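Let me begin by presenting the structure, written as structure tokens, before commenting on it.
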Amino acid sequence: MPAATEAGQRDERGGSPLEVLLVFLKLGLSSFGGPIAHLGYFRNEFVVRRKWLDEQAYADLVALCQFLPGPASSQVGFSLGLMRAGYPGGLAAWTGFTLPSAIALVLFAYGASALTGPAGAGLLHGLKLVAVAIVAQAVWGMARSLCPDRERASIAAVAALIILFSGSSIAQLGAIALGAAAGFLLCRQAPAASSSHVAMPVSRTAGFVALAAFFVLLLGLPLLQGVTASPPLTVFDAFYRSGALVFGGGHVVLPLLREAFVTPGWVSDDAFLAGYGAAQAVPGPLFTFAAYLGTVASAAPHGIAGAALGLVGIFLPGILILLGTLPFWDSFRQRASAQATMRGVNAAVVGLLGAALYNPVWTSSVQSPQDFAIALVGFVLLTAWRAPPLVVVIVSALGGMALAMVK
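Count along the sequence shown starting at 1, add 94, and that's the number in my numbering.
Structure, rendered in structure tokens:
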């Protein structure tokens, strides 16, 4: 009996990086619908079908990744690969889940310049209108779940006002910090934390090293950039800083990336929003939008090298802080003060995303009643009809082309 038990444990917990890569490559090719949908795909694949972990362990893992900055679904995927096959498994999971959408967006970046004439311009404008519908749906859904009471609704409103009146990256940091402080003071009605734990092959020493690397890069890259004035380092810092400061999922990275790339003139607003719209048409994590930006940015390196730099830069901080937190998560997550603080942070994130919905998404895309009609159709398809984002992309793109052709 003991031998059988051990064999069963090896079968359930042990695996190869190749196995992990193939499973996540399939998910990377088929997981449409954004980070919340990705978590549903993961649960069906790894809890229900493959039984790599149980329901409670998966819920704990999702709670951790939603707590941290970074792309939650990619962090969950990396953690599942890490559990299954160690560090090579984590890398295999990230590669398989990320590569398909990254390649598709690089191809779009190279092909977008060929879209000339009324039809091409209408197609790109339709993709910009997709962003209106997608971000509006994200704001609506996040507000309902993360701002259910007056305290958190007020935190979200104040955060939105801060961003709307300033819009700088310092203001974004300030809004998140204010949300954390307000949550600590006002949002202490936390539910009882689970007593189960998620076992991960990460030692406390490795966790400390990963946390140190996270903060050294976050604080040191701007200083090093000021000394060397290296364009690749400047671009890497822009991606790393955006990935390190994102709470609440992929859509929230929009204002951070816009501040980093549109404000200095590396990418135009039209190209930025067209790429963001195209990112809704592909499966996998929304953070692969960085591959598109790295390809089209005027700052060196661009092209394939810029895409690779963007992917590493934007995903690295989320992976580092995940590795740094895993050994300490069980004890920390039990504290009511930590849960209250994150409630305030999440509410501030809703305000941040709401401000981004107005500027730049709405102001740069909705220029006529017809534009509003296309965006409204997309929003209704997403929220009322539960249509896949790919359907909304097709409808909006065709609508934009039709409007351009009849003008």
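Just so you know, even glycine gets a beta-carbon here, dropped at the ideal spot from N, CA and C.
Treat the numbers as computed from the prediction; the structure is a model and nothing was measured.
*Would the beta-carbon of A491 fall within 7 Å of that of G220?*
yes
Quick check on this structure: which residue in S195, R144, P165, G214 has the alpha carbon closest to the alpha carbon of L497? G214
* To do: Quick one: grab the DSSP three-state call for G164.
  => coil
- Drop a sphere of 10 angstroms on the beta-carbon of M294, count the other beta-carbons inside from all chains shown, and report buried for 16 or more, exposed for fewer. buried
Between the CA atoms of A430 and Q283 - distance to the nearest angstrom: 8 Å
- Task: Give a single yes or no on whether L158 has its beta carbon closer than 6 Å to a heavy atom of the ligand SAM.
- Result: The ligand SAM is not among the ligands present in this structure, which contains no ligands whatsoever.
Exercise for the section: Check each candidate in S392, Q461, A478, L318 and name the one with the smallest Cα separation from G359. Expected result: S392
Suppose the cutoff is 7 Å on Cβ atoms and the five residues either side in sequence are ignored; what does the same chain contact list for A434 look like?
G277, F278, C281, R282, A284
Worksheet entry | Inter-residue CB distance, L387 and V361 (contact presumed, cutoff 8 Å) | 6 Å
- Taking the alpha helix (DSSP H) that N440 falls in, what are its first and last residues? 430 to 450
Backbone CA spacing between T322 and A151 [nearest angstrom]: 45 Å
So, for A372: in the same chain, excluding its five sequence neighbours on each side, which residues have a beta-carbon less than 6 Å away from its beta-carbon? F202, L221
- Item | Rounded distance between the beta-carbons of G412 and G301, thought under 8 Å | The Cβ separation is near 15 Å, so there is no contact.
Answer with buried or exposed for D331, where buried requires no fewer than 16 other C-beta atoms within 10 angstroms of its C-beta.
buried
Going by beta carbon distance, what residues of the same chain come within less than 6 Å of F140, once the five residues before and after it are set aside?
W146, L174
Just to confirm, is the Cβ distance from F136 to P377 under 7 Å? no
- [ ] Report yes if the CB atom of Q464 is closer than 7 Å to the CB atom of V224, and no otherwise.
- [x] no
Verify whether the separation of the beta carbon atoms of C241 and A232 is less than 7 Å.
-> no
ask   = Relative to the alpha-carbon of K120, which residue among F191, V170, L112 has its alpha-carbon at the smallest distance?
value = F191
Exercise for the section: Out of V296, S167, L255, A469, state which residue places its alpha-carbon closest to the alpha-carbon of L417. Expected result: V296
Check: So, do the region 158 to 169 and the region 401 to 412 have three or more beta carbon pairs nearer to each other than 8 Å?
Finding: yes
Could you tell me the alpha carbon to alpha carbon distance between D105 and A186, rounded to whole angstroms?
Confidence in D105 is poor, its pLDDT being 37 and thus under 50, which makes the residue's placement unreliable; the coordinate value appears in the next sentence. If I take the Cα positions, the gap works out to 19 Å.
Exercise for review: With a threshold of 16 other CB atoms inside 10 Å of the CB of D243, please say whether the residue is buried or exposed.
Suggested key: exposed
| task | Tell me, to the nearest whole angstrom, how far the beta carbon of A250 is from that of V487; I am working on the premise that it is less than 8 Å. | result | Incorrect: roughly 28 Å between the Cβ atoms, too far for contact.
Report the start-end ranges of each alpha helix (DSSP H) in the region 120 to 194 that is 4 residues or longer and not cut off at the edges. 129 to 136, 149 to 161
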